Amino acid sequence: MNTGMSLATDLMWTMIGTLRDVAPIAAILLGFQLGVLRQRIANLRQVLIGSVYVVLGLGFFLFGLEHALFPLGKGMASQLTDPGFVGAGRAAADLAWHDYYWTYLFAFAIGFATTIAEPSLIAVALKASMVSGGTVGAWGLRIAVALGVALSLAVGVFRIVTGTPLYLYMIVGYMIVVVQTIYAPRMIIPLAYDSGGVTTSTVTVPLVAALGLGLASTVPGRSPLIDGFGLIALASLFPMITVMGYAQIGEWIERRNLRAKSPDGALEGGPAP
Amino acid sequence: MGVVGGLFGLLGGTLRDLAPIVIIVAFFQAVVIGQPVENLGEIAIGFVFVLLGLAIFIRGLEMALFPIGEALADAFVRKGSLIWLLVFAFSLGFGTTVAEPALIAVSGEAARVMAAGGAIPAGEVSEARHADALRYTVAVSVGASLILGVVRILKGWPVHWLIIGGYVVVVALTAVAPEAIIGIAYDSGGVTTSTITVPLVTALGVGLAGMIKGRNPMIEGFGLIAFASLMPIAFVLVFGIVVEAWA
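As they're listed, the protein sequences go chains A and B.
According to my numbering, the stretch in the first sequence is residues 1 to 273, in order.
According to my numbering, the stretch in the second sequence is residues 274 to 520, in order.
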């Protein structure tokens, strides 16, 4: 067997797969452009080259994930959820929730790391930083979202281990979101809501699914079919909380600084618009 | 030359994006699991492709996806036809979701769960039929959510009332939906927004909000993705309720 050869064939198939995924979007865009809008496209050359980059880049990215991160991450997820590893020789039924500490830490760490690399989040963070004129920093947003996903996965693993129902977590989470929405700066709210949906795509979902299914088949009394789900749901909920929290902390620090300065009369009349 | 130079600059940034993954995987592999990695050569090649791919994709994002989204917003506002804008929003949501591989996987899994739980008749034909029905349900829901999202930008409705209202509906539906569908319903919200759709839709929303007087791109421009991740949950829960009532 020639490994180089089979890698090349694999790459070709990934590219074809990417093209197939992009095809409906391209067809819709083209259809509306030709059939409805009929406007000249500015910088057509640049847009076409950029579209080739999108397909090429995404294809390479997915191919690389399939060959590097996914086998490694899935292998680690199954090893770290294995009763032999978690219990160090004890029977799975004797394990308490805190025996899974490496699994929590792994879920937290891998959630953070994969979210930082998530292309859709990079896109939204770039856009948000452009639109806000830099007030919402691209890195600050990405780290806030990544912390949210990290927390959600650790909590999600805890939920599967303890067997508590998912909806309890969702309802408490929603309630926190509602309360934060009242107090958070108005500017951040739509972005925070968006970041929930953005986090879970190309990189995170396959690893999270492997983690959830591995865990649900390890912990006694859980069914991979029912309890393996729900991690992604939490991963779309928590980032809303952390992104609003990020803005709230930013606002709080700004206000404190202002208050510290105002006795000198330097900032009479409040902050500049 | 300019393109190549820019690509090298991007590679540096991408390396920083990927550093956490490398550090964490190396740490857990070496310290916690303590076993040598198999196929290190293949993994190294894969990593180079991840790096290159992400750098090239981000370049393409700035050159094509953002400009296309903005140009579409501009063209639809100029044309002044609300109907076509809404048709476009629906097509984009439906078209990009219905063929999404993650959704196909999740709906297949869902049909299996429901058959195992006795909510639908077991058997390949019945499961395939229900998986397809679920897939179309989600695709329609994403299309509908983009329509709602666009109307909201045009009208300037505050996003939090709609989203919180949506959550209330979801919580109420959760109480009556069959147990087996709940996890899947909540997860389906997360799988609908693909890597190409997100930048396009974001640029479209921000573009629309920037073009319409009295709208703030930061406040009205974002939020489309939020609808697209909330609406499928409600639709899938309803799907579960209807299927259960039918059986």
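Each residue gets a CB set at the ideal place from its N, CA and C atoms; glycine is no exception.
Remember, it's a predicted structure, so these values are computed and weren't measured experimentally.
Fully contained in the region 30 to 107 of chain A are the following alpha helix (DSSP H) runs of length 4 or more, in chain order: 44 to 64, 70 to 80 and 83 to 87.
Residue-level contact by beta carbon holds for B:PRO472 and chain A, with a gap shorter than 8 Å. Setting aside the 5 residues that flank it on each side, A:SER78 is surrounded in the same chain by GLY214, each with a C-beta closer than 6 Å to its C-beta; the list follows chain order. According to the DSSP assignment, A:ARG142 belongs to the alpha helix (DSSP H) that extends over 138 to 162. In the three-state DSSP reduction, B:GLY342 falls in the helix class (H, G or I). With its beta carbon less than 8 Å from one in chain A, B:SER467 belongs to the interface.
Cβ proximity to chain B below 7 Å picks out ILE171, TYR174, VAL178, THR181, ARG186 and MET187 from the region 171 to 188 of chain A.
Shown here, B:ALA392 sits in coil according to DSSP, grouped into three states, outside any helix or strand. Shown in chain order are the members of the region 108 to 128 of chain A whose Cβ falls below 8 Å from a Cβ of chain B: ALA109, ILE110, PHE112, ALA113, THR114, ILE116, ALA117, PRO119, SER120, ILE122, ALA123, VAL124, LEU126, LYS127 and ALA128.
Contact between A:GLY148 and A:PHE238 holds: CB atoms are separated by about 4 Å, below the 8 Å threshold. Around the C-beta of A:ALA235, 16 or more other C-beta atoms lie within 10 Å, and the residue is accordingly described as buried.
At least one CB atom of chain B sits nearer than 8 Å to the CB of A:SER51. Against chain B, the CB of A:PRO24 has a partner CB under 8 Å away; the residue lies at that interface. Within the region 376 to 445 of chain B, the runs of alpha helix (DSSP H) that reach at least 4 residues and sit entirely inside it are, in chain order, 397 to 428.
Interface annotation, A:SER132: in contact with chain B, CB-CB separation under 8 Å. At least one beta carbon of chain A lies nearer than 8 Å to the beta carbon of B:PRO293. If only complete runs of 4 or more residues are kept, the region 299 to 346 of chain B shows the alpha helix (DSSP H) at 313 to 333, in order along the chain. Near chain A, meaning a CB-to-CB distance below 9 Å, the residues of the region 344 to 358 of chain B are ALA344, LEU345, ASP347, ALA348, PHE349, ARG351, LYS352, SER354 and TRP357.
By the Cβ neighbour-count rule, A:ILE182 is exposed, with fewer than 16 other Cβ atoms within 10 Å of its own. In the three-state scheme derived from DSSP, where H, G and I count as helix and E and B as strand, B:ARG289 is classed as helix. For the region 72 to 85 of chain A, the set of positions with a beta-carbon nearer than 9 Å to some beta-carbon of chain B reads LEU72, GLY73, GLY75, MET76, GLN79, LEU80 and PHE85 in chain order. Annotation for A:SER236: the continuous alpha helix (DSSP H) segment containing it runs 231 to 261.
If you draw a straight line from the Cα of B:LEU325 to the Cα of A:GLY57, it is about 7 Å long.
Within 7 Å of the CB of A:TRP102, the CB atoms of chain B belong to VAL305, in sequence order along the chain. Cα atoms of B:ILE318 and B:THR287: separation of roughly 16 Å, rounded to the nearest angstrom. Using a Cβ-Cβ cut-off of 7 Å, B:HIS433 is close to THR181 and ILE189 of chain A, given in chain order. Following the DSSP letters along the chain, one finds B:ALA476 inside the alpha helix (DSSP H) bounded by residues 470 to 484. Rounded to the nearest whole angstrom, the C-alpha separation of A:LEU126 and A:ALA247 is 17 Å. Selection A:THR115, A:LEU80 and A:PHE229 evaluated against A:ASP99 yields A:LEU80 as nearest (Cα-Cα). Fewer than three pairs of CB atoms, one per stretch, sit closer than 8 Å, so the region 10 to 30 of chain A makes no contact with the region 307 to 317 of chain B. Taking one beta carbon from each stretch, the region 504 to 514 of chain B and the region 452 to 464 of chain B have 3 or more pairs nearer than 8 Å; the two touch. Within a 10 Å sphere around the beta-carbon of B:GLY333 sit 16 or more other beta-carbons, which makes this residue buried.
Look at B:ALA337: its C-beta is under 8 Å from a C-beta on chain A.
Around A:GLY196, the same chain offers SER236, LEU237, PRO239 and MET240 as residues with beta carbons nearer than 7 Å, after the five sequence neighbours per side are excluded.
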